[in-house]
Amino acid sequence: LIGPGGDAAVVRVLGGDRALAVSSDCTPRYCQAHPRTGGMQAVAECRRNLIATGARPLAITNCLNFGNPERPEVMGQFVGCIEGMAEACRALDFPVVSGNVSLYNETDGRAIQPTPNIGGIGLIENLDRVVGIAPTADDQVLVLVGETYGWMGASLWLREIMGREEGAPPPVDLAHEQRNGAFVLQQIQGGTVQACHDVSDGGLAIAVAEMCLASGKGAELRIPQGLAAVGWLFGEEQGRYVLAVEPAALKDLLADAARDGVIAREIGRVGGDALQVKDLPPISVEELRRAHETWLPGYMGEDAVAA
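Residues 174 to 480 (the working numbering) are what the sequence shown spells out, left to right.
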């Protein structure tokens, strides 16, 4: 029902109205910067990706990929990641039912980044309530669930734009994850949400760009007063989702969020053929697609093979 490009794959269960959602997640740079936080984040992001399709998370498996555990720093990463995973699984009621371990992953004595990959599965009870990341109509309202304050440590923006790899990864508030996830799942199951995408690598701007790519529709994205544009667009705070809802449903959704103690705000609208961020030059969906889809074929072309 949902293939590559979404938050999770969704596969129908034959003989009924149910489906399974499956996702696999890890952010090795977070685990490198702070193993315990990185382990927690991998579990939390996997759970968000399942919820974003309308699935109730059931359980996880894992593949723990590390370097030489005889090195104290690698064993420290291993222990920290497992402790973080365990804390998240307990808090989010997301048990581990299987897994494996791959050690001694090194080249010339240099270890890979710690990569506790999390595979999760969730259950969708009603096929009519499956959602993807693509908004379904112009003029739908984009709503951001979760708090944003501009966390740039260990972010892709810091690495790719500034050429720096430093700082702590964004903290993972497990109570916040639980509350926001329950709210989003309730809204999806109630039929309010037309599209949903979790916010992860690259922050809010990348999440909305991916929604534009999936739908072929542009979007207008606003920057609230009092927050630096870079932090708002590219900060990597956890526990966040972007929802696309019909304008008529917005008031009730925001009221439900306030009732449940969930931070939610309108951040833009769907429409046009470009991603427009405040007063910045628009980026057409065609240009986004070209940037997104041509790099790897170019890299694997004749010049790369010859090199």
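A virtual CB, placed ideally from N, CA and C, is assigned to each residue, including glycine.
I'd like to know whether the C-beta atoms of C385 and V458 end up nearer to each other than 7 Å. yes
For R442, is the classification buried or exposed, using 16 other Cβ atoms within 10 angstroms of its Cβ as the cut-off for buried? The Cβ neighbour count for R442, taken over all protein chains shown within 10 Å, is at least 16; the residue is labelled buried.
Inter-stretch contact at 8 Å, needing at least 3 Cβ pairs: the stretch 194-201 / the stretch 257-274: no
Check Y414 in the structure and name its three-state DSSP category. strand
So M325 packs on G412, CB below 8 Å; how close in whole Å? Actually they do not touch by this definition, with Cβ atoms about 17 Å apart.
Determine the DSSP secondary structure at I255, reduced to helix, strand or coil. I255 falls in the helix class under three-state DSSP.
What are the start and end residues of the alpha helix (DSSP H) that includes N222? Start and end: 208-224.
Would you say T234 and G176 are within 7 Å of each other, going by their C-beta atoms? no
Got a sec? Which residues, its chain only, sit under 7 Å from V418 by beta carbon, not counting five neighbours each side? Excluding positions up to five away in sequence, the list reads Q313, V314, V316, T365, V366, Q367, L426.
Spatial neighbours of R202 in its chain, beta-carbon cut-off 6 Å, leaving aside the 5 residues before and after: Close CB contacts of R202 within its chain, under the 6 Å cut and outside five residues either way in sequence, are with A327 (chain order).
Is I233 helix, strand or coil by DSSP? strand
Beta strand (DSSP E) runs contained entirely in the stretch 321-381, provided each spans 3 or more residues: Within the stretch 321-381, the complete beta strand (DSSP E) runs of at least 3 residues are 366-371.
Would you kindly check if the distance between the Cβ of V372 and the Cβ of A380 is under 7 Å? yes
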